[in-house]
Amino acid sequence: MMRIRGRVSRPNSGKTRTPFPTHTFSYKARASECRRPDLSADQRRYRGQGEYALYDNGQPGQKEKHMFNEVKKSIKWGEETLTLETGKVARQADGSVIATMGETSVMANVTFAKKQKPGQDFFPLTVHYQEKYYAAGKVPGGFFKREARPTEKETLTARLIDRPIRPLFVPGFKNEVLVMCTVLSHDLVNDPDMLAMIAASAALTLSGAPFMGPIAGCRVGFEDGEYILNPEMDDMHNLRMNPEQRLDLVVAGTKDAVMMVESEAYELTEDEMLGAVTFAHEQIQPVIDLIIDLAEDAAKEPFEFEAPDYSELYEVLKAAGEDQMRAAFAITDKQERTAAVAAAREAIMATLSEEQAEDENLGSAMKKLESGVLRGDVVKNGKRIDGRALDTVRPIVSETGILPRTHGSALFTRGETQGLVVTTLGTGDDEQMIDALSGMYKSNFMLHYNFPPYSVGEAGRVGPPGRREIGHGKLAWRALQAVLPAATDFPYTVRVVSEITESNGSSSMASVCGGSLSMMDAGVPLKAPVAGVAMGLVMEDDGDYAILTDILGDEDHLGDMDFKVAGTAEGITSLQMDIKIAGITPEIMKKALEQAKQGRLHILDEMSKAITTANDLGVHAPKIETMQIPTDKIREVIGSGGKVIREIVEVSGAKVDINDEGTIKIASSDADAIKKAYDMIHSIVAEPEEGVIYKGKVVKVVDFGAFVNFFGKRDGLVHVSQIENRRLNHPSDVLKEGQEVWVKLLGFDDRGKVRLSMKVVDQETGEEIKKEEAAEE
6 MMRIRGRVSR PNSGKTRTPF PTHTFSYKAR ASECRRPDLS ADQRRYRGQG EYALYDNGQP
66 GQKEKHMFNE VKKSIKWGEE TLTLETGKVA RQADGSVIAT MGETSVMANV TFAKKQKPGQ
126 DFFPLTVHYQ EKYYAAGKVP GGFFKREARP TEKETLTARL IDRPIRPLFV PGFKNEVLVM
186 CTVLSHDLVN DPDMLAMIAA SAALTLSGAP FMGPIAGCRV GFEDGEYILN PEMDDMHNLR
246 MNPEQRLDLV VAGTKDAVMM VESEAYELTE DEMLGAVTFA HEQIQPVIDL IIDLAEDAAK
306 EPFEFEAPDY SELYEVLKAA GEDQMRAAFA ITDKQERTAA VAAAREAIMA TLSEEQAEDE
366 NLGSAMKKLE SGVLRGDVVK NGKRIDGRAL DTVRPIVSET GILPRTHGSA LFTRGETQGL
426 VVTTLGTGDD EQMIDALSGM YKSNFMLHYN FPPYSVGEAG RVGPPGRREI GHGKLAWRAL
486 QAVLPAATDF PYTVRVVSEI TESNGSSSMA SVCGGSLSMM DAGVPLKAPV AGVAMGLVME
546 DDGDYAILTD ILGDEDHLGD MDFKVAGTAE GITSLQMDIK IAGITPEIMK KALEQAKQGR
606 LHILDEMSKA ITTANDLGVH APKIETMQIP TDKIREVIGS GGKVIREIVE VSGAKVDIND
666 EGTIKIASSD ADAIKKAYDM IHSIVAEPEE GVIYKGKVVK VVDFGAFVNF FGKRDGLVHV
726 SQIENRRLNH PSDVLKEGQE VWVKLLGFDD RGKVRLSMKV VDQETGEEIK KEEAAEE
């Protein structure tokens, strides 16, 4: 791990909006192109083609063909060595790179179609990330014992790779591209997700695809005022269990620009967060240089692609309908505006010739027209679609407790975005079990985000959650988990479900706000309420820009940056940023963070009108009581084959969880059931006290007395002389098996056996008989 103390210097870049720079090196850089002046022309030619071997004397072999043309490059990065290699595995892919750090290796393979599908109007990039169980020496669980559908982590990592590389393809390139990243080896120290991103970038750079990279990424922690490069996995596995580690930040970028930020934080200030982003961008520079070095030796010929020129078509559209499009975007109501924009498109289409209407670049030209209308009004006139000022948040209405039978509920409405968020409390049995390469672990906090088609007035597919829903849910999860109480203080499993019922931008941040309200309504004692806001950026070619607070869906779609910030009044708990252009300087990011803070504080004020502190647990929520027992008593509570604990659950009606440390959680919505289970467990693990009277049951009668079960499962002997204050011929004269009696614990004999007495206890009242009363009898 690499630690940098103190502040990080920030580059003083200009504010000009520029396209991403193309490679400064040749894609097909060969050895013959001056990289090895010490070799002869023939030697360089043979080496560059990878066709013949060189003998030790430096002379080309006689048609001795290489099977592999392997190229390997390494650098020292932090405390580990990062190695990139290509040319040996997956040679039929357009680009294939294996990235290794420590004993963790990830292979990335890139293939792309050489022709665009007819009628293709979007860029079909697909990124897959797979964690193979064999990488960690494990066999998959389940019946089939093989990897199946992507796990949540695999889906999130695929998105993490997709987001920074997608905007770096040449505009207009719509050929199908497939990026597959496979974890081949995992040392459980170095997280493979960053290696997958680096390997994918390197493979794209080698492939010859029109990719304006390379990019690189790294993970940053923040502990004791220090930024930490690529912390070990154990430090980042669960920040709630490691309070000294206040940040889990992932940054991806090119040589000149930050492209993507994803973070989970513990109330970091804006300056601390910006410093972490700047630090990360500085630390990825050697990796980008490494990829360039690899490409100079191994890159393929660039794919011949010429970006389409639809400037003439754009001018035709602009002349035909710019004014009508501007009038349509001036409508504040989303549904009315959507209908007006559609009508403007149809009106423009009606003016086109048959050839123009069938132009495959019509969609791109139309989007450019719409974007130009929106962006020009925002930057030049400070005028947004719905008439708000640049830093104004839409009207907010917050309600809690709207669903009577749930444990906690809230309806959060911000403009035309609305989320119905419900919280359910459970026990340890309800924790989510996650089978990861690093091992099995449990999570007691879940947040699930649902985005049904009706939320945007559409009829569409309804099915399992997609990548977008999983990603938005995890973003809200990161924002809220930082303020959850410790499990020792609040021993519940918490599940939050966000149902997006309306959407016009920033639905993930509505889930954060609604989740905070819903958990407080359920009685979860959050450390502080959390709110989130989505920011946007519009930057023109001349460097003028505008930062937007609480963006709408159209502003997100047509803008240059999506910047989501969540946190408390004290600091940031989550940050997600996706940038589509170069030229976003630290000064612009700093201004955006400060503007987001003002919006966040305003939203928190509005939320406080609904609820300010956590409620008491609802009547329908389970009650949980925790007790601690000695670890050597765990076996007695569980019993042979679980017999004892099953009996406790059946008799009491409560749920009972016990862990290896002897912590027992008893849960039920019925307080009497909890008490009954508690008493039963207590009777098993507690030690009887000498001189105390207990109620028991006769389990066996013998010639010299009777054995009485008391204090749970403990048995003791009542000697015949201790049954009554008179001489008995046989204990069976007054006792029989199953009879309930009161006994007093006299003590223990030399062998540790329990000695009991009945004659000193009133068998009707259970009270001790005084000595004078016994003498009178």
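Add 5 to the 1-based position in the sequence shown for the numbering used here, that's all there is to it. For each residue, glycine too, the CB sits at the ideal point set by N, CA and C.
* Asked: In the structure shown, what three-state DSSP assignment does ILE633 receive?
  -> First, the residue type needs correcting, since residue 633 is Gln and not Ile in the sequence shown. Note: GLN633 maps to strand in three-state DSSP.
* To do: Within the segment 153-234, note down every full beta strand (DSSP E) run reaching 3 residues or more, in order along the chain.
  => 182-190, 221-228, 231-234
* Asked: Counting only runs that start and end within the segment 498-537, where is the alpha helix (DSSP H) found for 4 or more residues in a row?
  -> 512-527
* So what does MET544 bridge to, in DSSP terms? -> TYR550
* Asked: Since MET106 is in the alpha helix (DSSP H), which residue starts that stretch and which ends it?
  -> Secondary structure note for MET106: it is in no alpha helix (DSSP H), and the uninterrupted beta strand (DSSP E) holding it is 100-106.
* So, do the segment 474-494 and the segment 534-549 have three or more beta carbon pairs nearer to each other than 8 Å? -> yes
* To do: Would you kindly check if the distance between the Cβ of PRO457 and the Cβ of ASP495 is under 8 Å?
  => One detail in the question is off: residue 495 reads as Phe in this sequence, not Asp. No, the Cβ-Cβ distance between PHE495 and PRO457 is not below 8 Å.
* **Cβ-Cβ separation, ALA539 to SER516 (assumed contact under 8 Å), whole Å** => At roughly 12 Å, the Cβ-Cβ gap does not stay under 8 Å, so SER516 and ALA539 are not in contact.
* Asked: Applying the criterion that 16 or more other CB atoms from any shown protein chain within 10 Å of the CB defines a buried residue, is SER316 buried or exposed?
  -> By the neighbour-count definition (other C-beta atoms within 10 Å, threshold 16), SER316 is an exposed residue.
* Taking Cβ to Cβ, would you say SER268 is nearer than 8 Å to LEU580? -> The answer is yes: Cβ separation under 8 Å.
* To do: Examine the ligand HEM and report whether any of its heavy atoms sits within less than 7 Å of the Cβ of SER376.
  => Ligands displayed in this structure: none; no statement on the ligand HEM is therefore possible.
* Asked: Who are the near neighbours of VAL862 in its chain, counting only those whose CB is closer than 6 Å to its CB and skipping five residues on each side?
  -> Any property of residue 862 remains undetermined from this structure, which presents the chain solely from 6 to 782.
* Asked: Considering only residues of the same chain and omitting the five flanking positions on each side of LEU183, which have a CB-CB separation below 6 Å?
  -> For LEU183, where only same-chain residues beyond five positions count, the Cβ hits under 6 Å are THR116, THR131.
* For GLU306 versus GLY444, is the C-beta distance shorter than 8 Å? -> Not a contact, by the Cβ cut-off of 8 Å.
* **Where LYS595 falls: helix, strand or coil (DSSP)** => If DSSP states are grouped into helix, strand and coil, LYS595 belongs with the helices.
* Given a threshold of 16 other Cβ atoms within 10 Å of its Cβ, counted over all protein chains shown, does LYS660 qualify as buried or as exposed? -> buried
* Would you list the residues sitting across from LEU452 in a DSSP beta bridge? => VAL501
* Apply the 10 Å Cβ neighbour rule to ASP47 and answer buried if 16 or more other Cβ atoms are within range, or exposed otherwise. => Its pLDDT being 43, under 50, ASP47 is placed unreliably by the model, and nothing is read from it.
* Asked: Closest by CA to GLN340, which one among MET354, GLU421, LEU374, ARG151?
  -> GLU421
* Asked: Does DSSP put ALA491 in a helix, in a strand, or in coil?
  -> ALA491: coil per DSSP, three-state reduction.
* **Classification of ILE577 by the beta-carbon crowding that lies within 10 angstroms, buried from 16 upward** => buried
* With a cut-off of 8 Å, do at least 3 Cβ pairs link the segment 430-438 to the segment 354-363? -> no
* Going by C-alpha distance, which of ILE634, PRO635, TRP82, GLY701 is nearest LEU200? -> Cα-wise, what sits closest to LEU200 is TRP82.
* To do: Measure the C-alpha to C-alpha separation of ILE293 and PHE149 and round it to an integer number of angstroms.
  => 41 Å
* Asked: Do ARG350 and MET371 have their C-beta atoms closer together than 8 Å?
  -> yes
* Asked: Cα separation between LYS764 and PRO693?
  -> Each residue's alpha carbon lies about 19 Å from the other.
* To do: With a floor of 4 residues, list each alpha helix (DSSP H) that falls wholly inside the segment 330-408, ordered by position along the chain.
  => 339-355, 359-362, 367-386
* Exposed or buried, what is ARG151 when buried is set at 16 or more other beta-carbons lying within 10 Å of its beta-carbon? -> exposed
* Asked: Between ILE401 and the rest of its own chain, which residues show a CB-CB distance below 6 Å, the 5 nearest in sequence each way excluded?
  -> ARG419, GLU611
* Asked: On the three-state DSSP scale, how would you describe ILE608?
  -> helix
* **TYR454 classed as buried or exposed, judged by whether at least 16 other C-beta atoms fall within 10 angstroms** => It counts as buried.
* Asked: Between the C-alpha atoms of ARG8 and GLY177, what's the straight-line distance to the nearest angstrom?
  -> At ARG8 the pLDDT is 48, less than 50, meaning the model places this residue with poor confidence; the figure from the coordinates comes in the next sentence. Those two C-alpha atoms are separated by around 42 Å.
* To do: Please classify MET72: is it buried, with 16 or more other beta-carbons within 10 angstroms of its beta-carbon, or exposed?
  => By the 10 Å Cβ count, MET72 comes out exposed.
* Nearest to MET238 by alpha carbon, out of ASP229, ARG224, GLU231, PRO248? -> The shortest C-alpha separation from MET238 is found at ARG224.
* **Delimiting residues of the alpha helix (DSSP H) encompassing GLY683** => Contrary to the premise, residue 683 reads as Tyr rather than Gly in this sequence. Element bounds for TYR683: 676-690.
* To do: With a floor of 3 residues, list each beta strand (DSSP E) that falls wholly inside the segment 71-140, ordered by position along the chain.
  => 76-82, 85-91, 100-106, 109-117, 130-136
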